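Below you'll find the structure, written out as structure tokens, and then a few comments.
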Amino acid sequence: MLRAAHRRRPRGWLSRRATIAQSIVGVTAESEGSLGYTGPAHDFVDSRRNLVENEFLASTTLATGFGSGEFNVPPLYEAADTAPFFHNGAVSTLEDSIAFYQSPTFLASPGATFATPQLNAQSILDIGGLLRTVNALVNMAQVRARAAYLETNATGGGTTILKVALRDIQDAIDDLTTSELTGPATASALNELGLVKQALLNSQSTANSMPATHMMHALNHLALAKGYLLRGNPSGYF
Numbered sequence: 003m004l005r006a007a008h009r010r011r012p013r014g015w016l017s018r019r020a021t022i023a024q025s026i027v028g029v030t031a032e033s034e035g036s037l038g039y040t041g042p043a044h045d046f047v048d049s050r051r052n053l054v055e056n057e058f059l060a061s062t063t064l065a066t067g068f069g070s071g072e073f074n075v076p077p078l079y080e081a082a083d084t085a086p087f088f089h090n091g092a093v094s095t096l097e098d099s100i101a102f103y104q105s106p107t108f109l110a111s112p113g114a115t116f117a118t119p120q121l122n123a124q125s126i127l128d129i130g131g132l133l134r135t136v137n138a139l140v141n142m143a144q145v146r147a148r149a150a151y152l153e154t155n156a157t158g159g160g161t162t163i164l165k166v167a168l169r170d171i172q173d174a175i176d177d178l179t180t181s182e183l184t185g186p187a188t189a190s191a192l193n194e195l196g197l198v199k200q201a202l203l204n205s206q207s208t209a210n211s212m213p214a215t216h217m218m219h220a221l222n223h224l225a226l227a228k229g230y231l232l233r234g235n236p237s238g239y240f
């Protein structure tokens with residue numbers, strides 16, 4: 003299992019995971035390539051959905067009424083930021099952690115009797131691209147919230163808030179700067195994120211005194227970057 007990021011999650015996170023995953027799959031299926039990569043990642047997810055819902059939900063635990071009746075997958079929102087992967091840190095890259103589920107080691111394990119994904123080199127890159135893009139979108143949402151606050155508030159904690167925003171925008175840039183994501187949408191988004199970073203850097207000297215102009219520029223470029231990566235925003239998660 004991929005090791006998830008250890009950050010505090012909002013209320014209702016567990017019960018919303020399946021809904022979030024469904025929404026992301028819907029966006030990908032409707033507009034293939036809009037997330038900055040092309041390929042059948044959504045076909046992989048769709049092909050496994052019925053198996054997961056029909057077999058897992060029929061298991062003795064959930065069939066007796068425990069939980070919400072949904073398949074609550076581990077949170078993968080920030081999976082690209084959590085290397086190394088697995089409980090022992092044995093795998094260093096996101097794509098290698100995905101490829102593990104097609105390896106002889108996994109196929110010979112008891113876990114393979116639950117679900118065996120049919121992966122090839124391209125689908126491994128596609129799934130990795132999806133997770134990297136989702137991770138970047140989460141980082142961008144966090145930057146947006148902080149920039150919106152600093153745009154309208156003078157606070158002694160502005161410098162600290164700005165440092166966190168700079169770290170998150172760099173995370174987003176790092177997540178998308180990979181040979182697996184080479185589409186024009188990703189390239190355009192990275193250009194906008196570079197401008198977001200520059201606006202944040204330009205506000206450092208005034209971070210505690212409501213740097214409205216710099217934050218306005220950052221928010222505008224964030225919106226453009228999100229538009230390149232995500233044509234829709236199901237349920238407002240991003």
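Quick note: the sequence shown, position 40, residue 42 per my numbering, numbers continuous. Glycine included, C-beta positions come from ideal geometry on N, C-alpha and C. In this text, all values refer to a predicted model and were calculated from it rather than measured experimentally.
| task | In angstroms with no decimal places, state the Cα-to-Cα distance between Leu-109 and Phe-88. | result | 16 Å
| said: Please report the distance separating the alpha-carbon of Thr-208 from that of Asn-122. | reply: 50 Å
| query | What are the boundary residues of the alpha helix (DSSP H) that Leu-195 is part of? | reply | 186-204
| task | With DSSP as the reference, please indicate the residues paired to Phe-87 in a beta bridge. | result | Val-93
| query | Thinking C-beta only, is Ile-171 closer than 8 Å to Leu-192? | reply | no
| query | Going along the chain, which unbroken runs of the alpha helix (DSSP H) with 4 or more residues stay wholly within the region 90-142? | reply | 96-101, 106-109
| message | Extract the residue ranges of the alpha helix (DSSP H) inside the region 140-169, only unbroken runs of 4 or more that lie entirely within it. | response | none
| task | Compute the distance between the beta-carbons of Ala-137 and Glu-80, then report whether it is under 8 Å. | result | It should be noted that the sequence gives Asn, not Ala, for residue 137. Against a cut-off of 8 Å, the Cβ pair of Glu-80 and Asn-137 comes out as a contact.
| said: Could you tell me the alpha carbon to alpha carbon distance between Val-140 and Phe-240, rounded to whole angstroms? | reply: 6 Å
| request: Could you tell me if Gln-144 is buried or exposed, where buried requires 16 or more neighbouring beta carbons within 10 angstroms of its beta carbon? | output: buried
| request: Report, in whole angstroms, the separation of the C-beta atoms of Ala-85 and Asp-177, which I expect to be a contact under 8 Å. | output: Ala-85 to Asp-177, Cβ: 11 Å. No contact.
| request: Kindly list the residues whose CB is nearer than 6 Å to the CB of Leu-224, restricted to its own chain and excluding five residues on each side of it in sequence; keep chain order. | output: Met-142, Arg-146, Val-198
| field | Straight-line Cα distance separating Gly-238 from Ala-149 | value | 18 Å
| By DSSP, does Ser-181 sit in helix, in strand, or in coil? | coil
| message | Less than 8 Å between the C-beta atoms of Met-218 and Asn-155, yes or no? | response | no
| Just to confirm, are Gly-160 and Leu-152 a CB contact at a threshold of 8 Å? | yes
| First and last residue of the uninterrupted alpha helix (DSSP H) at Met-218 | 214-231
| Which of the three DSSP states, helix, strand or coil, is assigned to Gly-234? | coil
| query | Which value, in whole angstroms, describes the spacing of the CA atoms of Thr-118 and Pro-106? | reply | 11 Å
| field | Backbone CA spacing between His-216 and Gln-206 [nearest angstrom] | value | 10 Å
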